[in-house]
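**Student:** Chains as they are written, first to last, in the numbering used here: chain A, 1 to 416; chain B, 1001 to 1416.
Protein chains: 2
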Amino acid sequence: MALIVQKYGGTSVGSVERIQNVAEKAVQFRKQGHDLVIVVSAMSGQTDRLLGLAREIHERPAGRELDVLLSTGEQVTIALLSMALQQRGCPAVSYTGGQVHILTDSAHNKARIQDIEGARVRRDLADGKIVVVAGFQGVDEHGNITTLGRGGSDTTAVALAAALNADECQIYTDVDGVYTTDPRVEPQARRLGRITFEEMLEMASQGSKVLQIRAVEFAGKYGVPLRVLSSFEDGPGTLISLEDEDMEKALISGIAFNRDEAQLTIAGVPDQPGVAYNILGPISDANIEVDMIVQNVGADDTTDFTFTVHRNDYDKAMELLTDVSRKLGGRTVEGDKKIIKIALVGVGMRSHAGIASKMFKALADEGINIRMISTSEIKVSVVVEEKYLELGVRALHDAFGLAEAAEDEADVKAKI
Amino acid sequence: MALIVQKYGGTSVGSVERIQNVAEKAVQFRKQGHDLVIVVSAMSGQTDRLLGLAREIHERPAGRELDVLLSTGEQVTIALLSMALQQRGCPAVSYTGGQVHILTDSAHNKARIQDIEGARVRRDLADGKIVVVAGFQGVDEHGNITTLGRGGSDTTAVALAAALNADECQIYTDVDGVYTTDPRVEPQARRLGRITFEEMLEMASQGSKVLQIRAVEFAGKYGVPLRVLSSFEDGPGTLISLEDEDMEKALISGIAFNRDEAQLTIAGVPDQPGVAYNILGPISDANIEVDMIVQNVGADDTTDFTFTVHRNDYDKAMELLTDVSRKLGGRTVEGDKKIIKIALVGVGMRSHAGIASKMFKALADEGINIRMISTSEIKVSVVVEEKYLELGVRALHDAFGLAEAAEDEADVKAKI
């Protein structure tokens, strides 16, 4: 008997019929003797409908009122799901974020959870009830309704699991787990049985859209085992957890990539203290996020500085960089929007040398020229020309044998 | 400068455009220097849409969950109206019932307001904000969301007006006031400038559907001046207030009638203590509400007992009464579904004799036979055959000169 927090997204509760399915699943689960807390999103389409009404009235509606409006979406779902559970003879009770004191800061539309009072939920669980909680929402210290921003329901589920010391937090979604890479690019891509929080963060921030980054960070911080599963088919999904010995077997967990980047280079800038700040200061002042940064010192006391930004920010960044170059006496400013980033992710890198060189060789064998390299403890990222995306991902997937299961998947099947 | 609580029903906020109209009206009002609290219902159609979803899932959804669901309707409206006010440069803030501590009992779907904490609203008003509150909803002492039942938004408005000691509570609706009688029956019917709480209660309970009875009771109890106005056209509406000297001028305020009644008679029952209870006990045990009751003692130590019930309850009541008659040894049981009730209402009756006889004469002059009579301090009700409804109402309207204004309407125009 375990305590499980399950989260179902908007698609999984997108119609009365689908809500019935979730209830059916939950009742089966309950019959196995587990305690269950279910976090739900708004029925798909509802948030957009409400946003549409708001935009008809105000071009930029106030954050506070927008939260009052949008939070009704999940409130509808919790009531309907509770009714569906009760209809199946299963005691259930619904709570809004405020009712279980999901305390957040006051940053409307993108609030952060600060505390959860789990006592009420624990009492209901002890009474044999399934507790249904509205995701995505909370209250600030003044009792104002807040929302956590898109995808915030994942964070609600993880935070509840942490507060209740749950055995597992299960995120039901429309994919059946986390893959070694995007199957649309590499048909050989394999569902991972297990992955660490750190790896998942690197995968997610590089473009895998399965889970909200904040939810993964939160789960990692509190050591909440997180499982990604499909709402629509049975299967063990992917377990995201702390690193343990079994994992050493896998060198590389996956390959992430990002099509949304663009590269800018300022060359021949005098190499002196503060140059990086002088270059990137104006960029960040304009709220442009910088991803990779590479700096090389040249022979003539000048330096070449290259970084990547989101493609949407490219034109603005180029304009700012041209200004900067004039001020600093740079030689040239160049840029390229037709680049992509590929990253190899795996905790195994820590204990194995030669991963990077194997990666570079695999790319070289395909004639792919590397434009930038950046490494971290569990990741090697390269920037290459856009046209090499598919070729590069497949070459690496093959070179590191990702299509074959690196460990026995059976041993990470749901223990519960 | 006054503090006004305004309430707009579902039709008045039924579309984005209508919400804009309400905002426009409120801003004009605010510009005159008044403090304003606005109570709103769900946009028309929303409550039925939500009920439909619930019924797809559960034939008899639990009251608690139904309240969680339905309360989202008003929550959407408060957010949208606040945005519309802000869009016009008018500071505004929205609150759900729970957020302004509209404390109710725990009778889900038909909760009663027990207390309101007005401090937060007062602070916002002092800050120059228009405060927008969700009608129809509250929280119980455990923080569960409750609703007051259909029409409960009127009660919310009155309760807020009482808690804030407001100068007036204005109920905006789709009629422009309270009439001497239903204009569809008597085209000469006249909008009343003023009416007392008691009269309004008698009018409402007899079928005038303008205001919720509970809201009128509440306003009367706390002496909150209540005004009924049209959302769609300008005008002073009807002021419902405590009795004062000016009102003595009007003998009769209005004529109410009710088409939904049916009459039952048990005749020849031995007249002994407890007979009324023996007859009506089984009826009320079956949750059938009894309206008029008349008992006549006969010459032979038996009694005839007649009462009216809602037509929908007629068959059931007849069945029960037949049982009762067998047990009590009654002579006959008779009934009639084709009757209606007409009532003359007016505080002036208190100080003027002869109202009832004038009424009976007016009906007799038209050849209308009276089947039952019941009187209270400010009302005389008669039951007559259904076919006499229009004739009876018009005869009385004419006999009591209701088409002519009994007082100068100008003096009851909105003082504010």
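Idealized CB from N, CA, C, for every residue including glycine.
When the cut-off is 8 Å and only beta carbons count, does Ile19/A lie next to chain B?
**Tutor:** Counted from its first residue, the first sequence places residue 19/A at position 19. Taking Cβ atoms only, chain B reaches closer than 8 Å to Ile19/A, which makes this a yes.
**Student:** If you reduce the DSSP assignment to three classes, tell me which class Phe305/A lands in.
**Tutor:** Here residue 305/A refers to the residue found at position 305 of the first sequence. DSSP places Phe305/A in strand when its eight states are reduced to three.
**Student:** Could you name the residues of the same chain whose beta carbon sits closer than 6 Å to that of Ile288/A, not counting the 5 residues immediately before and after it, in chain order?
**Tutor:** By 1-based counting over the first sequence, the position of residue 288/A is 288. Val309, Asp313 and Ala317.
**Student:** Show which residues of chain B have a CB atom less than 9 Å away from the CB atom of Thr146/A.
**Tutor:** Position 146 of the first sequence, counted from the start, is the residue given in the question as residue 146/A. Neighbours of Thr146/A on chain B: none; closest Cβ ~13 Å, over 9 Å.
**Student:** Got a sec: is the Cβ-Cβ distance from Met200/A to anything in chain B below 8 Å?
**Tutor:** The residue given as residue 200/A occupies position 200 in the first sequence. So, not an interface residue.
**Student:** Which residues bound the alpha helix (DSSP H) around Pro183/A?
**Tutor:** By one-based count along the first sequence, residue 183/A stands at place 183. Taken as a continuous stretch (DSSP letters only), Pro183/A belongs to no alpha helix (DSSP H), as it is neither H nor E.
**Student:** Does any C-beta atom of chain B lie closer than 8 Å to the C-beta of Glu248/A?
**Tutor:** On the first sequence, residue 248/A is found 248 positions in, with the first residue counted as 1. Confidence in Glu248/A is poor, its pLDDT being 48 and thus under 50, which makes the residue's placement unreliable; the coordinate value appears in the next sentence. Not an interface residue.
**Student:** Whole angstroms are fine: how far does the CA of Gln1020/B sit from the CA of Ile1004/B?
**Tutor:** Residue numbering aside, residue 1004/B sits at position 4 when the second sequence is read from its first letter. Residue numbering aside, residue 1020/B sits at position 20 when the second sequence is read from its first letter. Near 20 Å, if we compare the C-alpha coordinates of Gln1020/B and Ile1004/B.
**Student:** Please state if the CB of Thr1238/B and the CB of Pro1177/B are separated by a distance shorter than 8 Å.
**Tutor:** Indexing the second sequence from 1 puts residue 1177/B at position 177. Indexing the second sequence from 1 puts residue 1238/B at position 238. According to the sequence provided, residue 1177/B is Gly. The question's Pro does not apply to it. Yes. Within cutoff.
**Student:** In this structure, does DSSP put Ile4/A in helix, strand or coil?
**Tutor:** Taking the first residue of the first sequence as 1, we reach residue 4/A at position 4. Ile4/A: strand per DSSP, three-state reduction.
**Student:** Using a cut-off of 7 Å between C-beta atoms, extract the partners of Ile1078/B located in chain A.
**Tutor:** Sequence index remark: in the second sequence, residue 1078/B carries index 78 (1-based). Val68, listed in chain order.
**Student:** Would you mind telling me which residues of chain B sit closer than 7 Å to Pro61/A, beta carbon to beta carbon, in chain order?
**Tutor:** Taking the first sequence and counting its residues from 1, the one referred to as residue 61/A is at position 61. What Pro61/A touches in chain B: Met1083.
**Student:** Is it right to say Met1/A is buried, meaning 16 or more other beta carbons lie within 10 angstroms of its own, or is it exposed?
**Tutor:** In the first sequence, counting from the first residue as 1, residue 1/A sits at position 1. Exposed, by the Cβ-count rule.
**Student:** Touch check for the stretch 361-379 of chain A and the stretch 387-400 of chain A: three-plus C-beta pairs under 8 Å?
**Tutor:** Flag = yes, the stretch 361-379 of chain A and the stretch 387-400 of chain A touch.
**Student:** Between which two residues does the alpha helix (DSSP H) harbouring Phe1029/B extend?
**Tutor:** As a first step, residue 1029/B must be located in the second sequence, where it is residue number 29. Start and end: Val1016 to Lys1031.
**Student:** Quick check on DSSP: helix, strand or coil for Glu386/A?
**Tutor:** As a position in the first sequence, residue 386/A is number 386, starting the count at 1. Three-state DSSP puts Glu386/A in a helix.
**Student:** What residues in its chain sit with their C-beta under 6 Å from that of Pro1183/B, if we drop five residues either side in the sequence?
**Tutor:** The count along the second sequence starts at 1 and reaches residue 1183/B at position 183. Counting only Cβ-Cβ distances below 6 Å, and skipping sequence neighbours, we find Ala1189.
**Student:** Is the number of C-beta pairs between the stretch 21-33 of chain A and the stretch 69-77 of chain A that are closer than 8 Å three or more?
**Tutor:** Segments in contact, no.
**Student:** Within 10 angstroms of its Cβ, does Thr332/A collect 16 or more other Cβ (buried), or is it exposed?
**Tutor:** Indexing the first sequence from 1 puts residue 332/A at position 332. The residue is exposed, with fewer than 16 neighbouring Cβ atoms inside 10 Å.
**Student:** Distance check for Lys1341/B and Gly1354/B, CA to CA, integer angstroms please.
**Tutor:** Taking the first residue of the second sequence as 1, we reach residue 1354/B at position 354. Taking the first residue of the second sequence as 1, we reach residue 1341/B at position 341. If you take the alpha carbons of Gly1354/B and Lys1341/B, they lie about 20 Å apart.
**Student:** What first and last residue would you give for the beta strand (DSSP E) that runs through Ser376/A?
**Tutor:** On the first sequence, residue 376/A is found 376 positions in, with the first residue counted as 1. Unbroken beta strand (DSSP E) run through Ser376/A: Ile370 to Ser376.
**Student:** Would the stretch 1336-1352 of chain B count as touching the stretch 1367-1384 of chain B if we require 3 or more Cβ pairs under 8 Å?
**Tutor:** Contact holds: three or more Cβ-Cβ distances are below 8 Å.
**Student:** Closest to Asp417/A by C-alpha separation, out of Val290/A, Gly281/A, Ala26/A and Ile195/A, would be which residue?
**Tutor:** The structure shown has nothing for residue 417/A, since chain A only spans 1 to 416.
**Student:** Less than 8 Å between the CB atoms is what I'm expecting for Tyr1008/B and Val1022/B, so what's the real figure, rounded?
**Tutor:** Position 8 of the second sequence, counted from the first residue, corresponds to residue 1008/B. Position 22 of the second sequence, counted from the first residue, corresponds to residue 1022/B. At roughly 5 Å, the Cβ-Cβ gap stays under 8 Å, so Tyr1008/B and Val1022/B are in contact.
**Student:** With DSSP run on the structure shown, which of helix, strand or coil describes Phe1197/B?
**Tutor:** The residue given as residue 1197/B occupies position 197 in the second sequence. The answer is helix: DSSP assigns Phe1197/B an H, G or I state.
**Student:** Got a sec? Which residues, its chain only, sit under 7 Å from Arg214/A by beta carbon, not counting five neighbours each side?
**Tutor:** Here residue 214/A refers to the residue found at position 214 when the first sequence is read from its first residue. These residues qualify, in order along the chain: Thr155.
**Student:** If you measure from the beta carbon of Ile57/A to each beta carbon in chain B, is any gap under 8 Å?
**Tutor:** If you number the first sequence from 1, residue 57/A lands on position 57. Chain B contact via Cβ: present.
**Student:** From Lys337/A to Ala286/A, what does the alpha carbon distance come to, in whole angstroms?
**Tutor:** The sequence position of residue 337/A within the first sequence is 337, counting from 1. The sequence position of residue 286/A within the first sequence is 286, counting from 1. Their backbone Cα atoms lie some 19 Å apart in a straight line.
**Student:** Glu1254/B and Val1345/B: beta carbons closer than 8 Å?
**Tutor:** Stepping through the second sequence from its first residue, residue 1254/B is reached at position 254. Stepping through the second sequence from its first residue, residue 1345/B is reached at position 345. A small fix is needed here, since residue 1254/B is Gly in this sequence, not Glu. Against a cut-off of 8 Å, the Cβ pair of Val1345/B and Gly1254/B comes out as a contact.
**Student:** Is there a C-beta anywhere in chain D that falls below 8 Å from the one on Gln1099/B?
**Tutor:** The displayed structure is made up of protein chains A and B, and chain D is not among them.
**Student:** Please tell me whether Thr1265/B and Gly1193/B are closer than 8 Å, where the distance is taken between their beta carbons.
**Tutor:** For the purposes of this step, residue 1265/B is taken as the residue at position 265 of the second sequence. For the purposes of this step, residue 1193/B is taken as the residue at position 193 of the second sequence. Their beta carbons are not under 8 Å apart, which means Thr1265/B does not touch Gly1193/B by this criterion.
**Student:** Hey, which unbroken runs of the alpha helix (DSSP H) at 4 residues or more fall wholly within the stretch 243-286 of chain A?
**Tutor:** With a minimum length of 4 residues, the continuous alpha helix (DSSP H) runs that stay inside the stretch 243-286 of chain A are 275-285.
**Student:** Return helix, strand or coil for Asn296/A, following the three-state DSSP convention.
**Tutor:** Within the first sequence, the letter at position 296 stands for residue 296/A. Three-state DSSP puts Asn296/A in a strand.
**Student:** Which one of Gln1263/B, Ala1204/B, Val1121/B and Lys1327/B has the shortest CA to CA distance from Lys1096/B?
**Tutor:** One-based indexing of the second sequence puts residue 1096/B at position 96. Residue identity check: residue 1096/B is Thr in the sequence provided, not Lys. The shortest C-alpha separation from Thr1096/B is found at Val1121/B.
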